[in-house]
Structure formats: C-alpha cells, structure tokens
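> Residue numbers (the numbering used here), protein chains in the order written: chain A, 975 to 1201; chain B, 479 to 947.
Where is the CB? At the ideal position from N, CA and C, for every residue including glycine.
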C-alpha cells in the first residue's frame, strides 16, 4: 500500500506460498472462505498443497509467539465467471473469529456503492518507502462515480469494475496487495465492494484506480459456498 | 508394481458376442478387474474378459474382436478387456508376443498355414496352445530380429518377413503430440507406463472420466497437460513420470482457426500481436525465464508460434494468455482480445442469463465434461430434474435452472470442482457491441443505505489500532 498507515483490518488475509512467502491479499467472507484475485494463481487447476492464509496479526512476518496468529492451509480454489477475475479459496478448516479476525460483509446483488463513499484498501504489499512495510497498511480512497470514471478512462471501464478517485498525494495499492479488499462503510458495517486488481503503475495520481465490483458476483459467491 | 491390467486394452460399455460359442465361454466369477486380468493372464485359452463394474463379476473369453464369428456390441454393464498382443497391429521389441492377424509378407505374398506342410514342409514350427501359431498369421517363434515372419504359399519363396512396424514408429505425432493416440506404452528409458485409470503406484489428477477427450486410454503415452511431448506415469514407484520416445511426423499440420485481430474458440489459433494483459501489464517474452520461469520454450513448441511476448494459448486454456513482467503476477489472460464476430453469431450463445438455453454444449469453459444432471456422483446435486422439472435438465447439457446471472453452468465430472460455467458466451448485446454489454442490465441504481442490512459481519474493534512491537 502506497501512502497508507499501519492499521487494523481484521478480514484482510495474507496468502502465502509453499515457501511461506506472502504474495497476495484476500478477504475473509465466511469462516472457511476467502476471496482473492485470479491472477495471483497460475491456474484454476493450481495444486495448492502447501499454500496457506495467515490471519489475526498485523505483522507481515509475525514471530512464533504471536498469540493471535492463525495460519490455515488452503484446500481448493474456485474460479469466478470469466470476466470477474475473482477466485474463492476454501480453507481446510474454519478460521476462529475474535477481536483480530472478523468477516467482511458482502454487498447486495448488483449494489452500486454511492460515489463519494469513503472506502479503504488494506494489504502487506509494497509501500515504496511511504510506510512501514513490516505491518498491515490501510489507506482511504473515495469512490468515483461510474460515469465520471468511464469518461476519465476514455470509455474503457467495464460494468464489472468500480473506481476510486486518484489522490494528488499518491495513495493506492501496489505489488503484493492484489486480491485484497476495497472495504466501504455502509449501514455501520464494512462491506467488500471491490477487490484490488494488478495494475501497471502503483498509486497513480493522474488516473482512477480500478477494482473488481464484487456486487456483480455475489450470487456466484453464495453459490460456491452453498455447493 | 505393474498391474496385470497393463497387458489389456479396455473398451468401455462393450461386450463381445460370439456365434456359435465354441468352445463355450466359462461361467462368470467374482472379482475386480485386476483380479480378472490376473486369471486371464494365467490361462492359456483366455484372450479377453468382460467385467461388470456394478456386480464385480468377470467372464473370461477365449476370443477377441478379431476372432471369426465374433462381433462387438454396446452394453453399458460391461467393460471389455482384450489382450493387447491380440489387438495391436504393430510390434513391441522383436515381436515375439505379436498375436495379430496379419497374414501377408512384406512383399505381399500370402502366408502358408502353420499346420500345413505344403508347399513348404517344416516340422520345426507346429501349432500348440502355447506358441500362438494360429491359422496363417505372421508370428516370430524363433525370435528373428526382423520380427514376425511366415512360410509363404509361393513355392519359390520358403519364408519371408512380414514387415510389421514397431509401435513407436507405427503412429507418428505432430507438434507436441497432444493428439497422439498411438499404442506406445513404455517410456524412453524402457520403463512400463502406469494405467491412467489406476492411482497406483502414483496418484494423479488425470482421470480418464474427467478428460474424455484427452485419449487417456489404458497405459498408452499421452500428453494431457501440454507438456513438450507425450509422457506417462511409470510403474516404477521411484519415478513418477517420464517422456516417451515417439516419432515426429514429417509434415507439420496447418494450424486451424488462425486469426490475428480476434480469437475463436479458446484462441489456440490466435497469431495477433497483443502483448499486454487486461490490466495493462506488459507480457514477458516467451524466450525469457525472468521474472517467471516456465517450460513453454518457443523451440519446444514450434506449432504454437510463441513469438516475442504476444498473447498465445499453447496449453488449451480458456483464452490467450501470457506470463507477465510483474514478479507477483505470474500469468494473466488477454480477455481484452475480442472474440471473432462470426463466432458470436454461432448458435451456441445465450440470451439474458441463458435460462432458456437448450443447446447441447456439455463442457465447462475449462473443457471438463459436465456431470449428467440425474447423476449422484461425483457430486450430489442440489438441483436436479426432480427439483427443477421445468428446466429441461437433459443429459449433461449446460443449463441455467437457477437463473444464475453468469450464464449456463453444470456440475462437473471433476471431483474437486462441484460446478462451473460453460464455454458459451452471451449473444451479441444491445447495439451489437462486445465488452461486457449484454442484454441484461448488470447494475442497479444505488440503494439507500438504510435499506441495506448486514448480519454478523463488517464489525471491527476500532480501538485495535497499530501498536509497535
């Protein structure tokens, strides 16, 4: 996260490979389910033996004595509809919810988060010297109206995407944050409105940032968890 | 660790019918397919057997589909296993085990019956139960290096070789051998292959049921995962898999569906120059190994045109893709390459959410066969013809009984994937444009916040902020 602050985001998880190295973020939407980004994985048939998610700690690489840390292996992956670029990861066992681990809400189907809503992104990705890269960083971004963003991107915006306004101070996601949440406060609850997607430049000041619009895929998410 | 089934070739849902049955077929006995194979291998008369998977009964047979007065017919209760040596029209090693029915020499002369003593009298090679000297078929009773031979009916030519090809030369492969369907069943080091329908000695994901179109028959070398050439799991517990030596065809096939401005099907024929991903990240050159190491080397995949860093589909994925120049993003699809318009007009597209789709596509977008809607395995369905009688849930055709907004789907034959969407695209949307525009509005105007309620989620302890270590 570029331009963020160390902060608390109990639904944000760190996804780690066999070597235990963090490579992407994710969001805990059910005790045993995490949403992340397709591009974080080599394929929908990827062999995820040895891959884990880490929750419950603000530290990127917590010490062995961290009492709140939970590390849970990933059981399998389910890829979302083609355009969604989303994946759902089923954990081998449910995460224990506590003060440090919480579920993020899913939005109603096809809900459009109002422009101007202040949301936040979170992750353990690169800070490029703007923050403490050993802990979870959180940054706030305002939602940009769909039409406005569409114009700013010269018509290249899809309905499956939502935007946040660029900030002059250069705030945004970067490598290692992909798959993490764009969480927005609605009715006093934090809701997963977007998922961070890879982009060529981090924290652009001249263009809106793009996220996958989760509300378009809530029916798929429920279906995967139900099936 | 070889299975006795390694000597047999399986034909699903098939039975042999012999008229008249002479000698009569023995009575069925209880046993697994492997036990049957063991019994058949130990019996001199047995050349094949029926195995009833449900009742676990097997019936040994003294004939094969090549025997006179025998014909093959469909029977969903049986799998037919026949000894490879009686079926193959090629030879392994020196062909001593060949039991095919070729009866002419390499020069086209008809063979003399082994029982006969004219025109050539020989007393050395007379038929017996053990030596397979049947009729006037080519055989190799004396381990001749040139392979099977026979005495000929030409008085001037006593005996002549039959010129039967070695199996590794009989069928060549093109490109990386994804379509190879020959009968080589040993690796390049000579190790025997493991059957694809067995999980020992090596567990593996390539179930023949899951990939019916990969030709994963018996223990023949195949290339289901777009490796550089056909391979197999081996019967050596210490060696999981190994390539096979198979002759490359001289002529390279012309690629199908070559397009540059758009892509058809999965885009295997795409030869355009797009070299960035959907998110605008540049693609890595195919001949580079950084930042991502990979095995898709251009020189190993000459038919896939892995030039520069262009989006390509060398492995049958759902669309062209590339490795990216971003270290943390290994691969990315190039979905922004548009689909060819003529394809969009094809009958296999759906309107709305596809709830009225009645086509016959029965594969997921990853090419996995759909599970029949009425089946209970590998997944116990929550939606079935009983629960949704009006949804036309026929066979294993893609349907959308629950009005899923992402289109027709099906339960899959992959035990690890309960359901997936099908390789069917929405028909052209309003205004004829592509790129997400469909004839169903995707977004609804923002709901007032007080309408929305949430349960047991989205709460955090705001006091738990950052504390230094």
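Please tell me whether residue 548 (chain B) and residue 581 (chain B) are closer than 8 angstroms, where the distance is taken between their beta carbons.
In this structure, residue 581 (chain B) does not lie closer than 8 angstroms to residue 548 (chain B) by Cβ.
> Given that a residue counts as buried once 16 or more other Cβ atoms are within 10 Å of its Cβ, and exposed if not, what is residue 554 (chain B)?
Exposed, by the Cβ-count rule.
> Establish whether the CB of residue 1144 (chain A) and some CB of chain B are separated by less than 8 angstroms.
For residue 1144 (chain A), the answer is no, since every Cβ of chain B falls outside 8 angstroms of its Cβ.
> Establish whether the CB of residue 720 (chain B) and some CB of chain A are separated by less than 8 angstroms.
No, its Cβ sits nowhere closer than 8 angstroms to a Cβ of chain A.
> So, does the CB of residue 1194 (chain A) fall closer than 8 angstroms to a CB anywhere in chain B?
Taking Cβ atoms only, chain B reaches closer than 8 angstroms to residue 1194 (chain A), which makes this a yes.
> How would you label residue 1059 (chain A), buried or exposed, when you count the other beta carbons within 10 angstroms and need 16 or more for buried?
Counting Cβ neighbours within 10 Å, residue 1059 (chain A) comes out buried, since at least 16 surround it.
> Anything in the region 755 to 766 of chain B with a Cβ closer than 7 angstroms to a Cβ of chain A? List those residues in chain order, please.
Residues passing the 7 angstroms Cβ filter: 757, 758 and 759.
> Which first and last residues belong to the alpha helix (DSSP H) in which residue 1199 (chain A) is found?
Where residue 1199 (chain A) is concerned, the enclosing alpha helix (DSSP H) stretches over 1192 to 1200.
> Can a CB atom of chain B be found closer than 8 angstroms to the CB of residue 982 (chain A)?
Interface residue, yes.
> Return the CA-CA distance between residue 596 (chain B) and residue 650 (chain B), expressed in angstroms with no decimal places.
For residue 596 (chain B) and residue 650 (chain B), the distance between alpha carbons rounds to 39 angstroms.
> Using CA coordinates, which residue listed in B:761, B:531, B:508 and B:517 is at the minimum distance from residue 492 (chain B)?
Ranking B:761, B:531, B:508 and B:517 by Cα distance to residue 492 (chain B) puts B:531 first.
> Scan the region 656 to 740 of chain B and note each continuous beta strand (DSSP E) run of 3 residues or more that stays entirely inside, going in chain order.
The qualifying runs are 709 to 711 and 719 to 721.
> Return helix, strand or coil for residue 1035 (chain A), following the three-state DSSP convention.
Correct three-state label for residue 1035 (chain A): coil.
> Tell me the rounded alpha-carbon separation between residue 695 (chain B) and residue 508 (chain B).
If you take the alpha carbons of residue 695 (chain B) and residue 508 (chain B), they lie about 25 angstroms apart.
> What are the residues of the region 794 to 805 of chain B that lie near chain A, defined by any Cβ-Cβ distance shorter than 9 angstroms?
Those would be 795, 796, 797, 802, 804 and 805, in chain order.
> Rounding to the nearest angstrom, what Cα-Cα distance links residue 807 (chain B) and residue 768 (chain B) in this structure?
In a straight line, the C-alpha of residue 807 (chain B) is about 12 angstroms away from that of residue 768 (chain B).
> Helix or strand or just coil, what does DSSP make of residue 1094 (chain A)?
Reduced to three states, the DSSP call for residue 1094 (chain A) is strand.
> Start and end of the beta strand (DSSP E) containing residue 615 (chain B)?
Here residue 615 (chain B) belongs to no beta strand (DSSP E), and DSSP marks it neither H nor E.
> How is residue 590 (chain B) classed by DSSP in three states: helix, strand or coil?
Residue state, collapsed to three classes: coil.
> Closer than 9 angstroms by beta-carbon distance: list the chain A residues that pair up with residue 905 (chain B), in chain order.
Within chain A, no residue comes near residue 905 (chain B); the closest Cβ sits about 15 angstroms away, beyond 9 angstroms.
> What's the gap between the Cα of residue 992 (chain A) and the Cα of residue 742 (chain B)?
Their Cα atoms are separated by approximately 36 angstroms.
> Mark residue 849 (chain B) as exposed unless 16 or more other C-beta atoms lie within 10 angstroms of its C-beta, in which case mark it buried.
Residue 849 (chain B) should be labelled buried.
> Determine the contact status of residue 663 (chain B) and residue 697 (chain B), defining contact as a CB-CB distance below 8 angstroms.
Yes; because the gap between Cβ atoms is below 8 angstroms, this pair is in contact.
> Is residue 978 (chain B) near residue 891 (chain B), with beta carbons less than 8 angstroms apart?
With chain B covering only 479 through 947, there is no way to say anything about residue 978 (chain B).
> With a threshold of 8 angstroms on Cβ separation, who are the neighbours of residue 636 (chain B) within its own chain once the five nearest residues in sequence on each side are excluded?
Only 598, 629 and 630 meet the Cβ criterion.
> Strictly under 8 angstroms for the Cβ-Cβ distance: is residue 809 (chain B) near chain A by that measure?
Yes, residue 809 (chain B) lies at the interface with chain A (some Cβ there is under 8 angstroms from its Cβ).
> Using DSSP with H/G/I as helix, E/B as strand and the rest coil, what is residue 1132 (chain A)?
Looking at residue 1132 (chain A) - three-state DSSP - the assignment turns out to be coil, as it is neither helix nor strand.
> Determine which residues of the region 1159 to 1180 of chain A have a Cβ less than 9 angstroms from any Cβ of chain B, and write them out in chain order.
Cβ contacts with chain B come from 1159, 1160, 1161, 1162, 1163, 1164, 1165, 1166, 1171, 1172, 1173, 1174 and 1175.
> Does the beta carbon of residue 1078 (chain A) sit closer than 8 angstroms to a beta carbon anywhere in chain B?
Judged by the 8 angstroms Cβ criterion, residue 1078 (chain A) is in contact with chain B.
> Please work out which residues of its chain come closer than 7 angstroms, Cβ to Cβ, to residue 603 (chain B), disregarding the five sequence neighbours upstream and downstream, and give them in chain order.
Same-chain partners within the cutoff: 592, 611 and 619.
> With distances taken between CB atoms, is the gap from residue 1012 (chain A) to residue 1053 (chain A) smaller than 8 angstroms?
Yes. Within cutoff.
> Which residues in chain A have a C-beta closer than 8 angstroms to the C-beta of residue 877 (chain B)? List them in chain order.
Per Cβ cutoff of 8 angstroms: no residues; residue 877 (chain B) is ~14 angstroms from chain A at best.
> Pick helix, strand or coil for residue 995 (chain A), following the three-state DSSP scheme.
Residue 995 (chain A) falls in the coil class under three-state DSSP.
> If you drop the 5 nearest sequence neighbours on each side, which residues of the same chain put their C-beta closer than 6 angstroms to that of residue 1031 (chain A)?
Hits under 6 angstroms: 1040, 1042 and 1043.
> Let me know if residue 634 (chain B) comes out buried or exposed under the rule of 16 or more other beta-carbons within 10 Å of its beta-carbon.
Counting Cβ neighbours within 10 Å, residue 634 (chain B) comes out exposed, since fewer than 16 surround it.
> Answer yes or no: does any C-beta atom of chain B fall closer than 8 angstroms to that of residue 967 (chain A)?
Because residue 967 (chain A) is not part of the residues shown, which for chain A are 975 to 1201, the question remains open.
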